[in-house]
Amino acid sequence: MSDNAGSRGRDGHQRPGARRRSAHHRSTQRPAERARRTDPARLTAYTGMREISDGAYGNLALPRLLREKRIRGRDAAFATELVYGATRMSGLYDAITAVAADRPVAAIDSRVLDTIRLGAHQLLGMRVPTHAAVDETVALARQVNGAGAAGFVNAIMRRISERQPDEWIEIVTATAADPIEAMAVRTSHPLWITKALRAALIGHGAATAQDVDAQLEALLEADNTPAKVSLVARPGLCSVEELIQAGAQASTTSRVGAILDEGDPGAIDAIREGRAAVQDEGSQLVALALADAVVEGAAQERERWLDLCAGPGGKAALLAAIAVGRRIPFVANDISTHRADLVRQTLRAVGDLADEVTSLVEVRTGDARDIGDADPGAYSRVLIDAPCTGLGALRRRPEARWRRSPGDVPALASLQRELLGSGITATARGGLIAYATCSPHLNETRFVVEDVMRKRDDVELLDARPLFVDARGEPVDSLGPGPFVQLWPHVHGTDAMFLALLRAR
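The C-terminal position of the sequence shown is numbered 504 in numbering that gives the first Met the number 0, with every residue numbered one higher than the one before it.
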């Protein structure tokens, strides 16, 4: 975008006084004298914000909008940063807007508030010159919110532009009850999530009472850093070398992983064909750990693998590819017909390979809580990728932090216990159960496993840490004291995946 130039030094930072001079100059213009329409990238970003407000997922809605509007290259990157950044940081921006408007944001029309969030992100979170951020946001407001709203947006943008980000943070955190609440506001996280992550850092042995606040701040900042595009080469279908030839670089974390620094992953043949996919390296490590572990006893006699809650199918596809390579039958299950259809689509290339080697890949629709009783002792390896709050993937899902509430945790934890119990019952003696969540919340992770194990004598907990090795085969560091494994964005560069590995006996 041309907006990324002007009023800057060679280092890309705004020259001293440029923000104030530009804001003063532009504030003398009436909104009617400015552009009446903004550019397509900003308009598409606003449309994406509205879809997210209506319940859509940003990672699904925005790519579709960019395709429909034929926005590519730098404009697509600009629109993506606008939507993700404004959504991710909306907690902080709303606090600033409330001060600038001298009213609570609940009193501002939600459509106008989305426009202001986009403008605030350009002023406070991007290298957009002040005059461009103000002018284009007012033009957007005129186009989508109306002339009356444009005047209000102009006033808010002018007031926000009068202070630097650090000044605004000092203002909006001045009334915080304690340093943790101030950190939550500063890093744009709900307070309950901030406290839960702090407890998780200590509970999983990743921090001590002395360094937990520093670790917490690093974790929250990692949540606000856009995640790299991680790719997985599904064994037997694609190699890491093929992804490298397509423009990626080999992962140092996963032996089947690659990193795409720029470009559209959908433009890679292997991804379009389902032989490779976009998948976090932490998820790859979890699936590889289950596949690499050794089964014993009765489970060795007839290997059969199960993904209990497979939708939308990322881990299932990696496990299925490995299973097919070993000529082992694989079953993927999901309770939702729609999600089961997504799994079928994801596993299509693996299924074609299975047909070629006369192996079996099957997708079922059913309640995972019933599988243990319906099929006891039938599987040698069972993955339980349990539904959870998703607090470990906040950097990839910018809207997730604002959609969850503390009340979600008890219901999910109850379901997680039932799923783990079913998975244990479905596993043959000597077989393995991998209980995984994309959340480090203690009530979704170790407390679930420990509670289930207290009530059963047919399962033992294994140390999962030796199974986590990087692309060179070296042990992954800082996994916690064991036997559980907890990954962290600020430590490992992955989502905060949790894994407990159990053996049926």
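Each residue gets a CB set at the ideal place from its N, CA and C atoms; glycine is no exception. Just so we're clear, the structure is a prediction, and the values are computed from it rather than from any experiment.
Checklist entry - What residue from Gly296, Glu166, Leu461 and Asp268 has the CA that sits closest to Ala245's CA? => result Working through the sequence shown from its first residue, we reach residue 245 at position 246. Selected option, being the one with the closest Cα: Asp268.
Item to check | Anticipated Cβ contact below 8 Å, Val152 with Thr114, distance rounded | outcome: To locate residue 152, count along the sequence shown from 1; it is residue 153. To locate residue 114, count along the sequence shown from 1; it is residue 115. With a Cβ gap of about 6 Å, Val152 and Thr114 count as contacting.
Item to check | Pairwise C-alpha distance: Glu449 and Pro409 | outcome: For the purposes of this step, residue 409 is identified with residue 410 of the sequence shown, where counting begins at 1. For the purposes of this step, residue 449 is identified with residue 450 of the sequence shown, where counting begins at 1. Those two C-alpha atoms are separated by around 16 Å.
Checklist entry - What is the DSSP secondary structure of Asp384, counted as helix, strand or coil? => result What you label residue 384 is simply residue 385 of the sequence shown in a count that begins at 1. Strand.
Item to check | Distance between beta carbons of Asp333 and Leu318, contact taken as under 8 Å | outcome: Locating residue 318 in the sequence shown gives position 319, counting from the first residue. Locating residue 333 in the sequence shown gives position 334, counting from the first residue. So it is not a contact: roughly 14 Å between Cβ atoms.
Next on the checklist: To the nearest angstrom, how far is the alpha carbon of Tyr83 from that of Val458?
Outcome noted: Numbered from its first residue, the sequence shown carries residue 83 at position 84. Numbered from its first residue, the sequence shown carries residue 458 at position 459. Cα-Cα distance, rounded: 43 Å.
Checklist entry - Excluding sequence positions up to five away, which residues of its chain have a Cβ less than 7 Å from the Cβ of Ala31? => result Reading the sequence shown from its first residue, position 32 is the one you call residue 31. Only weak support exists for where Ala31 lies, its pLDDT of 49 falling under 50; the coordinates are left without a value.
Item to check | Val362: first and last residue of the uninterrupted beta strand (DSSP E) it sits in | outcome: Here residue 362 is taken as the residue at index 363 of the sequence shown, counted from 1. For Val362, the uninterrupted beta strand (DSSP E) segment begins and ends at Val360 to Thr364.
Next on the checklist: Suppose only complete runs of 4+ residues qualify. What are the alpha helix (DSSP H) ranges in the segment 110-145, listed by chain order?
Outcome noted: 129-143
Item to check | Pairwise C-alpha distance: Thr86 and Met48 | outcome: By 1-based counting over the sequence shown, the position of residue 48 is 49. By 1-based counting over the sequence shown, the position of residue 86 is 87. Each residue's Cα considered, the two are about 8 Å apart.
Checklist entry - How about the segment 419-435 and the segment 367-383: do they share at least three Cβ pairs that are nearer than 8 Å? => result Because the criterion of three Cβ pairs below 8 Å is met, the segment 419-435 and the segment 367-383 touch.
Next on the checklist: Please report the distance separating the alpha-carbon of Val484 from that of Asp74.
Outcome noted: Within the sequence shown, residue 484 is the residue found at index 485, counting from 1. Within the sequence shown, residue 74 is the residue found at index 75, counting from 1. Taking the straight line joining both Cα atoms gives about 40 Å.
Checklist entry - Using the rule of at least 16 other Cβ atoms within 10 Å of the residue's Cβ for burial, across every protein chain shown, is Pro386 buried or exposed? => result Along the sequence shown, one-based indexing puts residue 386 at 387. Buried is the call here.
Checklist entry - Is Glu449 helix, strand or coil by DSSP? => result To locate residue 449, count along the sequence shown from 1; it is residue 450. DSSP places Glu449 in helix when its eight states are reduced to three.
Item to check | Where Glu398 falls, given that 16 or more other Cβ within 10 Å makes a residue buried | outcome: Working through the sequence shown from its first residue, we reach residue 398 at position 399. Classification of Glu398: buried, given that the 10 Å Cβ count is 16 or more.
Checklist entry - Which residue from Phe329, Lys227, Leu122 and Arg303 puts its Cα closest to that of Asp263? => result Numbered from its first residue, the sequence shown carries residue 263 at position 264. Comparing Cα-Cα distances from Asp263 to each of Phe329, Lys227, Leu122 and Arg303, the minimum goes to Lys227.
Checklist entry - Looking only at its own chain, which residues have a Cβ that is under 8 Å from the Cβ of Ala513, when we skip the five neighbours before and after it? => result The chain is shown from 0 up to 504; residue 513 falls before or after that span and cannot be answered.
Item to check | Closest by C-alpha distance to Glu361, when choosing among Ala78, Gly312 and Gly235 | outcome: The residue you call residue 361 lines up with position 362 of the sequence shown. Nearest option by C-alpha distance: Gly312.
Item to check | Nonlocal neighbours in the same chain, by C-beta distance under 7 Å from Ala367, ignoring five residues either side | outcome: Along the sequence shown, one-based indexing puts residue 367 at 368. The residues are Leu307, Cys308, Asn332, Ile334, Leu418 and Ser421.
Checklist entry - Do the CB positions of Leu461 and Arg502 come within less than 8 Å of each other? => result By 1-based counting over the sequence shown, the position of residue 461 is 462. By 1-based counting over the sequence shown, the position of residue 502 is 503. Yes, the Cβ-Cβ distance between Leu461 and Arg502 is below 8 Å.
Checklist entry - Do Ala283 and Val255 have their CB atoms nearer than 8 Å? => result As a first step, residue 283 must be located in the sequence shown, where it is residue number 284. As a first step, residue 255 must be located in the sequence shown, where it is residue number 256. It is Gln, not Ala, that sits at residue 283 in the sequence shown. Remark: C-beta atoms of Gln283 and Val255 approach each other more closely than 8 Å.
Item to check | Backbone CA spacing between Ser413 and Val184 [nearest angstrom] | outcome: Numbered from its first residue, the sequence shown carries residue 413 at position 414. Numbered from its first residue, the sequence shown carries residue 184 at position 185. For Ser413 and Val184, the distance between alpha carbons rounds to 31 Å.
Next on the checklist: Could you compute how far the alpha carbon of Leu123 sits from the alpha carbon of Leu393?
Outcome noted: Counting from one through the sequence shown, the residue named residue 123 turns up at place 124. Counting from one through the sequence shown, the residue named residue 393 turns up at place 394. Between Leu123 and Leu393, the C-alpha separation is close to 20 Å.
Next on the checklist: Just to confirm my understanding: we take Leu259, look at its own chain, exclude 5 residues before and 5 after, and list those with CB closer than 7 Å. What are they?
Outcome noted: Along the sequence shown, one-based indexing puts residue 259 at 260. So the qualifying residues of the chain are Val228, Leu230, Gly246 and Ala247.
Checklist entry - Out of curiosity, what's the CA-to-CA distance linking Ala316 and Gln344? => result Translated into the one-based positions of the sequence shown, residue 316 becomes position 317. Translated into the one-based positions of the sequence shown, residue 344 becomes position 345. Whole-angstrom Cα-Cα distance: 10 Å.
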